[in-house]
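S.K.:
Protein chains: 4
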Amino acid sequence: MNRKLKMGMIGGGKNAFIGAVHRIAANIDGLIELHCGAFSSNAEISKASGKDLFLPEDKCYSSYEEMIKTESNLPAGKRMDFVSIVTPNFAHFAPAMMALEYGFNVLIDKPITLTLDEAKKLQQMVKETGLILCLTHTYSGYPMVKQARKMVADRQFGKIRKVMVEYPQGWLSTLSEKDDNKQAAWRTDPSKSGISGCMGDIGTHAAQLAEYISGLKISKICADINIVVEGRQLDDDGNVLLKFDNGANGILVASQIAAGEENALKIKVYGEKGSLEWHQMEPNTLLVKWLDAPTQIYRAGGGYLDPIAAFNTRTPGGHPEGYLEAFANLYKNFALTLSAKLEGREATPEMLDFPGVDDGVRGMTFIENVIASGKSDQKWLDFKI
Amino acid sequence: MNRKLKMGMIGGGKNAFIGAVHRIAANIDGLIELHCGAFSSNAEISKASGKDLFLPEDKCYSSYEEMIKTESNLPAGKRMDFVSIVTPNFAHFAPAMMALEYGFNVLIDKPITLTLDEAKKLQQMVKETGLILCLTHTYSGYPMVKQARKMVADRQFGKIRKVMVEYPQGWLSTLSEKDDNKQAAWRTDPSKSGISGCMGDIGTHAAQLAEYISGLKISKICADINIVVEGRQLDDDGNVLLKFDNGANGILVASQIAAGEENALKIKVYGEKGSLEWHQMEPNTLLVKWLDAPTQIYRAGGGYLDPIAAFNTRTPGGHPEGYLEAFANLYKNFALTLSAKLEGREATPEMLDFPGVDDGVRGMTFIENVIASGKSDQKWLDFKI
Amino acid sequence: MNRKLKMGMIGGGKNAFIGAVHRIAANIDGLIELHCGAFSSNAEISKASGKDLFLPEDKCYSSYEEMIKTESNLPAGKRMDFVSIVTPNFAHFAPAMMALEYGFNVLIDKPITLTLDEAKKLQQMVKETGLILCLTHTYSGYPMVKQARKMVADRQFGKIRKVMVEYPQGWLSTLSEKDDNKQAAWRTDPSKSGISGCMGDIGTHAAQLAEYISGLKISKICADINIVVEGRQLDDDGNVLLKFDNGANGILVASQIAAGEENALKIKVYGEKGSLEWHQMEPNTLLVKWLDAPTQIYRAGGGYLDPIAAFNTRTPGGHPEGYLEAFANLYKNFALTLSAKLEGREATPEMLDFPGVDDGVRGMTFIENVIASGKSDQKWLDFKI
Amino acid sequence: MNRKLKMGMIGGGKNAFIGAVHRIAANIDGLIELHCGAFSSNAEISKASGKDLFLPEDKCYSSYEEMIKTESNLPAGKRMDFVSIVTPNFAHFAPAMMALEYGFNVLIDKPITLTLDEAKKLQQMVKETGLILCLTHTYSGYPMVKQARKMVADRQFGKIRKVMVEYPQGWLSTLSEKDDNKQAAWRTDPSKSGISGCMGDIGTHAAQLAEYISGLKISKICADINIVVEGRQLDDDGNVLLKFDNGANGILVASQIAAGEENALKIKVYGEKGSLEWHQMEPNTLLVKWLDAPTQIYRAGGGYLDPIAAFNTRTPGGHPEGYLEAFANLYKNFALTLSAKLEGREATPEMLDFPGVDDGVRGMTFIENVIASGKSDQKWLDFKI
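What follows is the structure, encoded as structure tokens:
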């Protein structure tokens with residue numbers, strides 16, 4: 001398939017944060033081109049946004065419905081290959097479902113939907129259509145996260161005993177949703193964000209990362225879920241005790257009222273023989289600790305890394321990559337998988353290493369369970385699926 | 001009082017870890033001299049240990065009972081001024097009680113006793129005798145911890161909202177108590193250590209540090225207490241959800257099976273306007289974070305610090321002090337307080353800033369509560385005193 | 001000008017390192033499209049490389065001469081807007097000169113040419129044609145470097161007194177040019193690299209960064225230039241004493257035999273009142289130190305930064321950007337400047353903040369001077385221009 | 001010899017910085033007792049200082065001459081065993097010489113004397129008397145420095161190729177010698193400090209550390225020596241190119257006008273196969289880097305370290321030691337060596353590992369050479385001995 005994949009974007013108009021990130025991620029490797037978009041529910045804004053992105057006027061649609069319908073009538077190779085959905089949570093399900101119905105592959109921001117029920121419907125639809133869905137749990141796109149996962153899977157640390165993941169941010173330390181902060185406004189509004197604020201927004205990332213690296217599944221939780229800032233409608237902070245399916249214990253902290261923190265996702269995974277530590281804000285470093293030997297500093301680009309790390313790296317050691325490249329790895333692997341499919345080739349395991357609809361259902365399940373536990377007087381709740 | 005204070009040591013014979021640390025801490029500032037000792041329950045070992053320490057033979061006692069009785073018959077200025085008790089937990093109470101009964105001040109390693117009941121008896125005895133008792137919660141002796149406490153007390157961060165304290169060690173990752181590791185053996189033996197292993201040994205440090213810096217009191221807990229290494233008798237790991245008396249939430253993790261970790265005590269305290277972060281393994285640095293301004297690196301020795309930090313520092317900035325100096329600060333402040341008392345002067349607030357018998361009771365209370373919560377199906381237990 | 005700029009690439013065929021980096025940098029912001037290329041001096045490889053990049057066959061030229069001539073015959077808006085030259089040093093001058101002669105703007109990797117003489121000719125040509133030339137001194141594209149430059153220019157540290165810049169790499173610690181390492185081979189070959197190896201390859205980056213941040217010009221040098229690995233033809237290591245035009249002193253170290261180092265460019269700039277420290281491998285952090293106040297951690301994305309930092313940043317604080325984004329900033333600013341020119345608008349100072357032909361001449365001057373000093377017995381040589 | 005060694009201190013009266021450090025260092029291990037002192041050239045201050053240190057009045061001498069003479073008349077075991085000289089540089093030679101003449105061992109702060117000539121006389125006298133002299137180059141007392149030296153000596157990195165040592169401080173950034181800063185006053189006064197300020201005070205430490213770890217000797221230098229702060233009499237800054245006797249190159253930077261720096265001594269030593277990096281301000285960590293394997297974090301207390309590191313460590317891993325313990329290692333090793341001698345035992349190589357009079361001569365030679373080079377127009381000067 002000697003061409004770039006064609007992307008139709010839903011959401012991500014002027015001033016949207018995550019839409020711009022998605023476009024950069026799609027651009028980086030030159031595998032994808034922006035083909036069309038319904039950038040806003042406001043047709044004017046959608047048109048203006050598309051123009052800024054150098055799209056021809058007829059590729060700037062007034063609504064996602066129009067886009068999906070119109071594009072579906074174009075011949076293969078001329079129509080979009082997939083939609084990228086970058087709207088707030090409440091506006092994920094409908095366009096995703098419609099895109100699948102019309103035969104389009106889907107890339108979608110997390111959490112996958114507003115409710116678990118919606119997520120399960122999408123899961124069913126993906127299964128039925130055989131189309132590809134990619135969910136952008138960015139942090140699993142980092143090469144050193146993949147290295148970590150591989151080392152655990154290779155049993156280099158023996159049985160995993162404990163997982164500590166924390167995700168403190170400080171940007172919701174004040175009631176900024178009342179101060180014309182658009183990002184704050186929708187993320188703290190139940191009608192747009194769902195039943196959870198902080199746990200949905202970043203707790204899901206932390207849970208996904210913990211399960212991704214450890215290869216374990218959370219099996220029980222005991223959650224302390226808090227609204228710290230007075231006047232807020234959704235949780236902005238929480239601490240969660242975890243049990244995993246192999247008997248390991250763990251702890252997950254997510255907070256958006258951790259004043260002075262930026263985006264300080266950190267994870268530590270302890271096994272019988274050693275452990276791992278990774279910090280998102282210095283993502284090219286993975287600390288590998290041992291019982292009786294010096295801690296090692298594994299670095300992105302190192303010749304000693306597993307091939308899965310190199311597959312997700314673009315530069316030699318010491319030329320730092322970051323968040324946008326991790327995001328781009330999701331796009332790249334999705335694109336490689338989609339191209340393989342379009343060309344009738346088998347996708348390799350490396351290509352297939354991106355979160356999908358099952359991760360989306362898992363994330364919604366996490367939200368449901370953690371909020372239920374937060375309200376419960378019972379200590380441990382089984383993690384219901 | 002133009003002389004050094006005279007110390008009688010109980011425990012700390014050859015090869016004991018913490019005894020040597022106590023002696024260094026007592027030596028550093030030249031305020032205290034080792035006057036006598038009952039270094040072991042084995043009279044031979046006690047004598048030999050004393051000889052190595054250059055004590056005259058008649059100052060190497062066969063038992064603490066002999067030491068306390070004999071010394072109490074000496075005139076003031078010739079007898080010991082205080083005892084330093086550095087035995088395992090089970091051998092704290094009896095010598096402490098006897099020392100107090102005979103009118104000697106007491107310095108004692110933590111946790112203060114084997115049981116809460118013993119601790120309360122000591123508390124009562126201290127109250128009755130008016131003698132001074134110092135409990136060596138080392139970590140509160142660091143100058144940057146004192147700086148942190150002062151900044152919180154000065155309300156520089158507004159109301160405290162969240163406290164995260166973690167204390168991972170890896171040295172009990174294997175069943176080393178079966179491998180002739182003396183330290184491991186007594187610390188994992190209920191008859192010597194009490195009802196808790198990890199929580200008693202290091203969880204108490206973490207709890208004390210959290211309360212010391214934040215100025216808050218833990219009011220509710222929900223604990224997950226684990227024996228991770230098969231065959232062990234006491235907890236070697238635990239995760240605890242916390243509520244504080246001002247409504248703040250928190251988390252406390254203590255583990256001795258965190259393979260690859262040394263002594264990685266870390267604390268973060270979040271307020272409305274900013275936060276603090278301190279790592280014991282880089283103790284001269286205190287990170288001070290703000291909502292809308294760059295994080296600041298407060299450093300021991302800095303001219304901008306509160307006088308309480310300078311009072312507990314011996315060197316200029318960039319000449320790192322460490323664990324032994326923090327330990328020495330407890331001895332120094334205890335010694336200054338005791339000297340003031342002996343000379344009829346009032347001790348200053350700086351001198352009085354060392355943990356005492358109330359902290360000891362608090363620590364034993366923490367152990368009782370956290371173990372009770374670990375066994376309970378109820379989510380939150382009130383922190384009973 | 002409602003379209004992307006069209007780029008014609010010279011060099012950067014299959015397996016080339018820096019060509020791929022340039023393409024990513026050009027892609028990121030969606031302002032530039034790859035329009036055509038002469039990716040290799042081997043026509044077959046050029047065609048195959050272009051195909052991999054999804055170029056139509058007629059846009060994959062057999063030589064840069066063919067590309068420049070053919071494109072120059074196309075109408076504006078259909079022909080390439082600029083060439084990007086990513087060949088080894090010896091193959092910079094001829095295509096650059098020809099491109100300028102045919103009216104094309106030029107973006108070119110550093111060092112600008114093989115010799116100072118060539119650089120001066122390019123400088124003259126740029127002056128005569130009024131065309132735009134961008135030189136990819138990547139490290140000056142980082143937002144925190146721009147922040148640093150601004151703070152110095154604003155005299156926040158008073159007069160600058162000392163600059164320490166070091167650039168250690170370890171990748172040439174062995175004679176890898178004999179081991180089929182293509183990158184090593186041309187960089188250590190005088191006919192392809194010029195009179196200097198290490199100083200030309202990375203010393204020029206260090207010198208440019210020192211002058212860029214400090215706002216000073218090197219006025220005297222005293223260089224120790226070494227071939228450390230036996231059998232190598234060009235310098236692989238050097239230490240240089242510096243004097244700047246304001247009287248400040250400095251030191252520049254560049255080495256490619258610093259075994260175990262990745263790409264560890266670091267700079268410290270000391271003024272009367274404070275200083276700056278920046279590490280390329282943790283590029284989102286700028287340490288700002290003061291005489292009598294805590295060191296501050298300035299972070300990319302911080303709301304307290306100068307607007308020039310935000311102009312060169314794509315993500316909020318804590319979402320790390322890296323080398324590719326710094327590189328992309330050069331492309332972006334070049335593209336914005338070029339678009340402004342094509343549309344008859346004035347470029348803003350922010351847009352114009354990219355290295356150009358004068359920096360190229362300066363870099364070649366640095367190489368000439370540093371190699372001359374390395375051979376001289378005289379201590380200080382005036383930095384001749 | 002079942003007793004502590006008796007120390008007579010010269011200098012170090014009230015408010016002296018380094019005297020207090022020496023006393024702590026002597027105290028820590030309980031091997032030495034303060035026996036007497038001539039703490040000041042002012043007899044009143046000497047008496048008062050001794051009283052504060054709990055010395056009996058007759059052990060507080062009015063002058064070092066009085067102390068040496070009086071003590072020499074006491075019987076062995078009653079008189080002091082050694083003198084500790086902690087005065088400013090200009091007052092090192094006379095008391096050291098006299099102490100040796102009267103048969104006392106000597107411990108002395110660095111640099112050893114005011115001039116090279118004096119140092120050579122001391123060297124001769126030590127040789128003749130067979131007495132022991134210890135010079136307090138503190139930084140070679142750190143366990144991780146000793147680990148580094150051992151790894152180099154064991155050829156773990158192959159031939160050493162390059163050494164980078166830097167020692168920036170900021171405390172003389174202003175003309176503080178005019179502001180009643182006693183430390184600044186004598187250190188910038190040629191009559192008290194000698195021909196060099198910064199290079200004598202801290203450059204000597206850097207040079208000693210470089211030679212100590214690398215096992216190499218500086219053979220040529222090219223120095224840029226500066227008085228940066230107007231009105232100052234001695235150098236406060238310098239950059240030095242180095243050649244070592246095995247052909248390795250190096251760089252040494254020492255500065256006391258590096259605004260915002262504390263005591264930031266750092267060293268990197270590069271060999272053929274790997275390299276070492278050590279920072280004095282985080283002294284318990286030694287980075288060990290390799291050509292093709294992850295960097296290792298060697299940590300004080302690690303079971304994998306060479307025995308020489310454990311011999312100079314008092315606490316388990318993660319219980320940080322610092323500057324005072326490094327200083328104490330010099331005292332300890334000196335004391336063990338002296339005790340062995342007094343008891344007719346052979347000192348072990350571990351005990352003998354402290355700087356002595358030869359290091360003192362070497363340091364004065366460094367000062368002479370570096371100042372001469374600073375004044376010379378010739379590029380490289382042979383390092384004359």
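Chains as they are written, first to last, in UniProt numbering: chain L, 1 to 385; chain C, 1 to 385; chain E, 1 to 385; chain D, 1 to 385. For glycine and all other residues, C-beta sits at the position ideal for the given N, C-alpha and C.
1. Could you tell me if residue 87(D) is buried or exposed, where buried requires 16 or more neighbouring beta carbons within 10 angstroms of its beta carbon?
2. Starting from residue 298(C) and walking both ways along the beta strand (DSSP E), at which residues does that stretch end?
3. Evaluate contact between the region 133-144 of chain D and the region 329-345 of chain D, counting only Cβ atoms and requiring at least three cross-stretch pairs below 8 Å.
4. With a threshold of 6 Å on Cβ separation, who are the neighbours of residue 114(E) within its own chain once the five nearest residues in sequence on each side are excluded?
5. Can you give the Cα-Cα distance for residue 31(E) and residue 23(L), rounded to whole angstroms?
6. For residue 253(D), return the contacting residues in chain E, with the cut-off set at a CB-CB distance below 7 Å.
7. List, in order along the chain, the chain D residues whose C-beta lies closer than 7 Å to that of residue 386(L)?
8. Are the CB atoms of residue 168(C) and residue 264(C) nearer to each other than 7 Å?
9. If the cut is a Cβ gap below 7 Å, which residues of chain C does residue 161(L) touch?
10. Closer than 8 Å is the cut-off here; do at least three beta carbon pairs connect the region 251-260 of chain D with the region 226-239 of chain D?
11. Just to confirm, is the Cβ distance from residue 148(C) to residue 286(C) under 7 Å?
12. Quick one: does residue 278(D) have its CB under 7 Å from some CB of chain E?
13. So with Cβ pairs under 7 Å, would you call residue 54(E) a contact of chain L?
14. Can you give me the start and stop residues for the alpha helix (DSSP H) that residue 336(C) sits inside?
15. Is the beta carbon of residue 10(D) closer than 7 Å to that of residue 64(D)?
16. Take residue 201(L) and list the residues in its own chain whose beta-carbon comes closer than 6 Å to its own, dropping the five residues that flank it on each side.
17. Can you pull the chain L residues whose beta carbon is under 9 Å from the beta carbon of residue 302(D), in chain order?
18. Rounded to a whole number of angstroms, what is the C-alpha to C-alpha distance between residue 324(L) and residue 37(L)?
19. Taking the alpha-carbon of residue 207(E) as reference, which of 269(E), 230(E) and 41(E) has the nearest alpha-carbon?
20. Hey, quick one: how far does the beta strand (DSSP E) through residue 34(D) stretch, first residue to last?
21. Can you grab the Cα-Cα spacing for the pair residue 273(C) / residue 290(C), in whole Å?
22. If you scan the UniProt domain "GFO/IDH/MocA-like oxidoreductase" (145-277) of chain E from start to end, which runs of the alpha helix (DSSP H) of 4 or more residues do you find wholly inside it?
23. Flag residue 217(L) as yes if its beta-carbon sits less than 7 Å from any beta-carbon of chain C, otherwise no.
24. Taking DSSP as the reference, what is the three-state secondary structure of residue 378(E)?
25. Say whether the region 222-234 of chain D touches the region 150-168 of chain D, bearing in mind that this needs 3 or more beta-carbon pairs closer than 8 Å, one atom from each stretch.
26. Taking residue 251(E) as the reference, give the member of 197(D), 313(D), 199(D) and 166(D) with the closest Cα.
27. Compare the C-beta of residue 205(L) with all C-beta atoms of chain E and state if any pair is closer than 7 Å.
28. In whole angstroms, what separates the C-alpha of residue 205(L) from that of residue 320(D)?
29. What residues in its chain sit with their C-beta under 8 Å from that of residue 298(C), if we drop five residues either side in the sequence?
30. Is residue 196(D) close to chain E, meaning its C-beta is less than 7 Å from at least one C-beta of that chain?
31. Of all the CB atoms in chain E, is at least one closer than 7 Å to the CB of residue 45(L)?
32. For a cutoff of 7 Å on Cβ pairs, would you count residue 281(D) as touching chain C?
33. Measure from the alpha carbon of residue 351(E) to the alpha carbon of each residue in 361(E), 338(E) and 359(E), then state which is nearest.
M.R.: On the basis of the coordinates in this document:
1. In the fourth sequence, counting from the first residue as 1, residue 87(D) sits at position 87. Label assigned to residue 87(D): buried.
2. Your numbering for residue 298(C) matches position 298 in the second sequence. Run containing residue 298(C): 295-299, per the beta strand (DSSP E) assignment.
3. yes
4. Mapped onto the third sequence, residue 114(E) falls at position 114. If we look at residue 114(E) and ignore the five residues flanking it on each side, its Cβ neighbours are 89, 90 and 194.
5. Taking the first residue of the third sequence as 1, we reach residue 31(E) at position 31. Taking the first residue of the first sequence as 1, we reach residue 23(L) at position 23. Going from the Cα of residue 31(E) to the Cα of residue 23(L) covers about 12 Å.
6. For the purposes of this step, residue 253(D) is taken as the residue at position 253 of the fourth sequence. Per Cβ cutoff of 7 Å: 164 and 251.
7. For residue 386(L) there is no data in the structure shown, the boundaries of chain L being 1 and 385.
8. Locating residue 168(C) in the second sequence gives position 168, counting from the first residue. Locating residue 264(C) in the second sequence gives position 264, counting from the first residue. Yes, these two residues count as a Cβ contact at 7 Å.
9. Here residue 161(L) refers to the residue found at position 161 when the first sequence is read from its first residue. Those are 228 and 257, listed as they occur along chain C.
10. yes
11. Within the second sequence, the letter at position 148 stands for residue 148(C). Within the second sequence, the letter at position 286 stands for residue 286(C). Yes, Cβ-Cβ distance for residue 148(C) and residue 286(C) is below 7 Å.
12. Position 278 of the fourth sequence, counting from 1, holds the residue named residue 278(D). So, not an interface residue.
13. The residue given as residue 54(E) occupies position 54 in the third sequence. True, the Cβ-Cβ gap to chain L drops below 7 Å.
14. On the second sequence, residue 336(C) is found 336 positions in, with the first residue counted as 1. Counting along the chain, the alpha helix (DSSP H) containing residue 336(C) begins and ends at 323-342.
15. Translated into positions along the fourth sequence, residue 64(D) becomes position 64. Translated into positions along the fourth sequence, residue 10(D) becomes position 10. Against a cut-off of 7 Å, the Cβ pair of residue 10(D) and residue 64(D) comes out as a contact.
16. As a working mapping, residue 201(L) is identified with position 201 in the first sequence. Within the same chain, residue 201(L) has close Cβ partners 187.
17. The residue you call residue 302(D) lines up with position 302 of the fourth sequence. Within 9 Å Cβ-Cβ: 292, 293 and 294.
18. On the first sequence, residue 324(L) is found 324 positions in, with the first residue counted as 1. On the first sequence, residue 37(L) is found 37 positions in, with the first residue counted as 1. C-alpha separation (whole angstroms): 21 Å.
19. Translated into positions along the third sequence, residue 207(E) becomes position 207. Checked all of 269(E), 230(E) and 41(E); the closest Cα to residue 207(E) is 269(E).
20. Start at 1 with the first residue of the fourth sequence, and residue 34(D) comes out as number 34. Residue 34(D) -> beta strand (DSSP E) spans 32-38.
21. For this step, residue 273(C) is matched to residue 273 along the second sequence. For this step, residue 290(C) is matched to residue 290 along the second sequence. Residue 273(C) and residue 290(C): Cα-Cα distance of roughly 6 Å.
22. 182-187, 190-193 and 204-214
23. Looking up residue 217(L) in the first sequence gives position 217. Answer no: the Cβ-Cβ gap between residue 217(L) and chain C never drops below 7 Å.
24. To locate residue 378(E), count along the third sequence from 1; it is residue 378. In this structure, residue 378(E) counts as strand in the three-state DSSP scheme.
25. no
26. As a working mapping, residue 251(E) is identified with position 251 in the third sequence. When each option's Cα is compared against that of residue 251(E), the closest is 166(D).
27. Taking the first residue of the first sequence as position 1, residue 205(L) is located at position 205. With 7 Å as the cut-off, residue 205(L) does not count as an interface residue toward chain E.
28. As a first step, residue 205(L) must be located in the first sequence, where it is residue number 205. As a first step, residue 320(D) must be located in the fourth sequence, where it is residue number 320. Rounded to whole angstroms, residue 205(L) to residue 320(D) spans 35 Å at the Cα level.
29. Taking the first residue of the second sequence as 1, we reach residue 298(C) at position 298. Taken in chain order, the residues that qualify are 144, 147, 285, 286, 287, 288, 304 and 305.
30. Looking up residue 196(D) in the fourth sequence gives position 196. It does not; no Cβ of chain E falls within 7 Å.
31. Your numbering for residue 45(L) matches position 45 in the first sequence. For residue 45(L), the answer is no, since every Cβ of chain E falls outside 7 Å of its Cβ.
32. Stepping through the fourth sequence from its first residue, residue 281(D) is reached at position 281. Chain C, which has a Cβ nearer than 7 Å to the Cβ of residue 281(D), makes this yes.
33. Counted from its first residue, the third sequence places residue 351(E) at position 351. Nearest of 361(E), 338(E) and 359(E) to residue 351(E), Cα basis: 338(E).
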